[in-house]
Amino acid sequence: MASFNKFFTSVLLAIAYASATSAFAIPAESTHATHRTRLVGRGLKLETFHPASSYQTFGAGLDHPLSKRADTDLEGASVSFVESQLKVNSSAIKYRTGYSADAAKHAYVSQVHNGVPFANAVANIAYNHANKVVAFGSSFVKPKNIAPSTPTISVDTAIAKAEQALDGKFNNHPATLEYLAKDDGTAALTHVVQIRNETAGTWYQAFVDAHSGEVVSVIDFVTQASYLVLPITKEVLTEGFETLTDPQDLSASPNGWHSTGTTSTTSTDGNNVIAYKSSTSSTTPQSSASLNFIYPQTPADAPTTTANVNAARVNAFYIGNSMHDIAYRYGFTEAAFNFQTNNFGKGGAQNDRVTISVQDASGTNNADFSTPPE
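Letter by letter, the sequence shown follows residues -23 to -1, 1 to 351 in mature numbering (1 follows the signal peptide of the UniProt record, and there is no 0).
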């Protein structure tokens, strides 16, 4: 396990550093926006809005405003850089999370108004080994109107509204108060609550307007996919395969692993990764309905048997997507030029998902992992 952890850390560092270096082949600045419409609950039609995002790269890197201070931490450096780039007060910036290593650092912040964070107005900063900023992405907004930061309806009322609209029950996950930037240029104050219907198999995070009680947006947590795989925390096959249900991280893969947002599949073919043998048309289909990929691996049989090829493709699909989602949490996002077919308007360049060819006879070492250039 020690060797695996060392390898895993090295891969994460390589991916993080790639987000700061491989981006230079494309324009140094780009802007994107997106809308998506979905039907949820009791016939409720909602439009999901992601504010326009901008992304810049800085070659060898820029010094952040606190670079001369020896005691500056990642949070202080990142807040000061966002403040200087966007010309906003530090009180409008909230540090959320970050990752530091010798090769690179990444930080996430969100926009704040009167102490209330925005759910969909965020920024990320990438640093190189010299602690210089090499990339910066932001979807901060300048709303023409911001709702008062004190709710006029209670969270209990918001929960009741969400339960009615989404045909479910509040799951007692702590509710939060967040602003939501809307496509009309305003910012709604929302109670953010989770609503589940275990019988129907639904689970939503609902954004309920804290002044009107209207459900204005949702995040759908359910895709109901299962995979028989060697978990990423294990190193060798003899440690045992497990059936994992919904292993995707919806913050990194909002539509799960089998949908680009416009096209859905029932095979090892998705937005982040396609796993196949010899030809991209030779993927593994679901073993049963609802995205179940249960293909037992048989060590006593040849790797080229149909059962073992299917097991290999499913496991490769799982590993590739897991690495995508983990790296996303550490800053390797769309704006940092990660690998996805659809970037959902969040920056970077798209149509560059990872391709994994298992048991590839065309080259050495019998397998191939490709990351197309941005």
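Each residue gets a CB set at the ideal place from its N, CA and C atoms; glycine is no exception. All values derive from a computational prediction rather than experimental measurement.
Taking only the alpha-carbon atoms, compute the straight-line gap between residue i and residue j and give it to the nearest angstrom.
{"i": "phenylalanine 198", "j": "valine 89", "result": "25 Å"}
{"i": "alanine 338", "j": "leucine 214", "result": "23 Å"}
{"i": "aspartate 144", "j": "threonine 176", "result": "11 Å"}
{"i": "threonine 153", "j": "glutamine 327", "result": "32 Å"}
{"i": "proline 128", "j": "alanine 165", "result": "10 Å"}
{"i": "asparagine 285", "j": "threonine 245", "result": "15 Å"}
{"i": "isoleucine 130", "j": "alanine 100", "result": "30 Å"}
{"i": "histidine 106", "j": "threonine 25", "result": "37 Å"}
{"i": "arginine 46", "j": "serine 77", "result": "17 Å"}
{"i": "alanine 137", "j": "alanine 96", "result": "21 Å"}
{"i": "glycine 114", "j": "alanine 312", "result": "6 Å"}
{"i": "valine 132", "j": "alanine 187", "result": "8 Å"}
{"i": "threonine 220", "j": "lysine 159", "result": "39 Å"}
{"i": "residue 370", "j": "histidine 27", "result": "This structure gives no information on residue 370, because the portion of the chain shown stretches from -23 to 351."}
{"i": "tyrosine 272", "j": "threonine 283", "result": "10 Å"}
{"i": "threonine 261", "j": "arginine 290", "result": "6 Å"}
{"i": "residue 367", "j": "threonine 310", "result": "Beyond the ends of the chain as shown, which are -23 and 351, falls residue 367; an answer cannot be given."}
{"i": "asparagine 249", "j": "alanine 69", "result": "33 Å"}
{"i": "serine 57", "j": "glycine 75", "result": "15 Å"}
{"i": "serine 55", "j": "aspartate 79", "result": "17 Å"}
{"i": "threonine 318", "j": "aspartate 329", "result": "6 Å"}
{"i": "isoleucine 333", "j": "threonine 179", "result": "32 Å"}
{"i": "threonine 240", "j": "glycine 247", "result": "9 Å"}
{"i": "proline 280", "j": "glutamine 274", "result": "9 Å"}
{"i": "proline 276", "j": "asparagine 292", "result": "14 Å"}
{"i": "valine 193", "j": "phenylalanine 117", "result": "19 Å"}
{"i": "threonine 267", "j": "valine 170", "result": "According to the sequence provided, residue 267 is serine. The question's threonine does not apply to it. Approximately 26 Å, taken between the alpha carbons."}
{"i": "aspartate 50", "j": "asparagine 320", "result": "30 Å"}
{"i": "proline 224", "j": "glutamine 263", "result": "16 Å"}
{"i": "glycine 325", "j": "threonine 237", "result": "16 Å"}
{"i": "asparagine 149", "j": "aspartate 226", "result": "21 Å"}
{"i": "valine 59", "j": "aspartate 48", "result": "19 Å"}
{"i": "glutamine 62", "j": "arginine 73", "result": "18 Å"}
{"i": "glutamate 212", "j": "asparagine 174", "result": "36 Å"}
In terms of alpha-carbon separation, which member of the options lies closest to residue i?
{"i": "lysine 22", "options": "Ser267, Val195, Gly324", "result": "Val195"}
{"i": "glycine 20", "options": "Arg290, Asn319, Ala142, Ser30", "result": "Ala142"}
{"i": "lysine 121", "options": "Tyr181, Thr163, Val86, Lys146", "result": "Thr163"}
{"i": "glutamate 52", "options": "Val65, Lys71, Leu39", "result": "Lys71"}
{"i": "histidine 41", "options": "His83, Asn105, Val110", "result": "Val110"}
{"i": "aspartate 302", "options": "Ser228, Lys138, Phe113", "result": "Ser228"}
{"i": "isoleucine 123", "options": "Leu157, Tyr85, Phe113", "result": "Leu157"}
{"i": "alanine 37", "options": "Ala81, Ser55, Glu216", "result": "Ala81"}
{"i": "isoleucine 172", "options": "Asn319, Pro94, Ala135, Ala69", "result": "Ala135"}
{"i": "serine 299", "options": "Val206, Tyr253, Ser265, Lys254", "result": "Val206"}
{"i": "serine 30", "options": "Thr179, Ala69, Ser87", "result": "Ser87"}
{"i": "proline 151", "options": "Asp161, Thr179, Ala183", "result": "Ala183"}
{"i": "tyrosine 305", "options": "Ser230, Thr240, Phe147, Gln274", "result": "Ser230"}
{"i": "tyrosine 32", "options": "Tyr181, Thr239, Asp278, Gly322", "result": "Gly322"}
{"i": "glutamine 336", "options": "Glu60, Tyr253, Asp278", "result": "Tyr253"}
{"i": "glycine 217", "options": "Phe294, Glu60, Ala288", "result": "Ala288"}
{"i": "tyrosine 295", "options": "Pro208, Ser264, Gln274", "result": "Pro208"}
{"i": "asparagine 66", "options": "Ile102, Lys119, Leu39, Gly18", "result": "Lys119"}
{"i": "leucine 39", "options": "Gln263, Gly18, Ala103, Asn320", "result": "Ala103"}
{"i": "serine 126", "options": "Ser116, Asn91, Glu212", "result": "Asn91"}
{"i": "asparagine 108", "options": "Thr237, Val169, Ser61, Leu43", "result": "Leu43"}
{"i": "serine 259", "options": "Ile251, Ala266, Ser265", "result": "Ile251"}
{"i": "valine 17", "options": "Phe147, Tyr181, Glu60, Arg73", "result": "Tyr181"}
Taking the continuous alpha helix (DSSP H) assigned at residue i, which residues delimit it?
{"i": "glutamine 62", "result": "51 to 63"}
{"i": "glycine 297", "result": "283 to 306"}
So residue i and residue j are in contact, right, with Cβ under 8 Å, and what is the actual spacing, rounded?
{"i": "phenylalanine 270", "j": "serine 203", "result": "7 Å"}
{"i": "valine 331", "j": "glycine 297", "result": "5 Å"}
{"i": "threonine 167", "j": "valine 185", "result": "6 Å"}
{"i": "threonine 243", "j": "histidine 235", "result": "7 Å"}
{"i": "alanine 112", "j": "phenylalanine 35", "result": "7 Å"}
{"i": "glutamate 155", "j": "valine 93", "result": "6 Å"}
For the beta strand (DSSP E) that contains residue i, what are its first and last residues?
{"i": "isoleucine 196", "result": "192 to 197"}
{"i": "alanine 135", "result": "First-last for alanine 135: 132 to 143, but that is the alpha helix (DSSP H), not the beta strand (DSSP E)."}
{"i": "arginine 173", "result": "163 to 174"}
{"i": "glutamate 219", "result": "219 to 222"}
{"i": "phenylalanine 26", "result": "21 to 39"}
{"i": "leucine 214", "result": "Careful: leucine 214 lies outside any beta strand (DSSP E) and carries neither H nor E."}
{"i": "aspartate 186", "result": "179 to 186"}
{"i": "isoleucine 333", "result": "331 to 335"}
{"i": "glutamate 155", "result": "153 to 158"}
{"i": "serine 228", "result": "Where serine 228 is concerned, there is no enclosing beta strand (DSSP E), given that its DSSP letter is neither H nor E."}
{"i": "serine 116", "result": "From DSSP, serine 116 is part of no beta strand (DSSP E); its letter is neither H nor E."}
{"i": "leucine 205", "result": "203 to 206"}
> Taking the runs of the beta strand (DSSP E) that are 3 residues or longer, which of them lie wholly in the stretch 247 to 281?
Replying inline: Note on the stretch 247 to 281: whole beta strand (DSSP E) runs with a minimum of 3 residues are 250 to 253, in chain order.
> Counting only runs that start and end within the stretch 60 to 112, where is the beta strand (DSSP E) found for 3 or more residues in a row?
Replying inline: The qualifying runs are 70 to 77, 82 to 90, 93 to 104.
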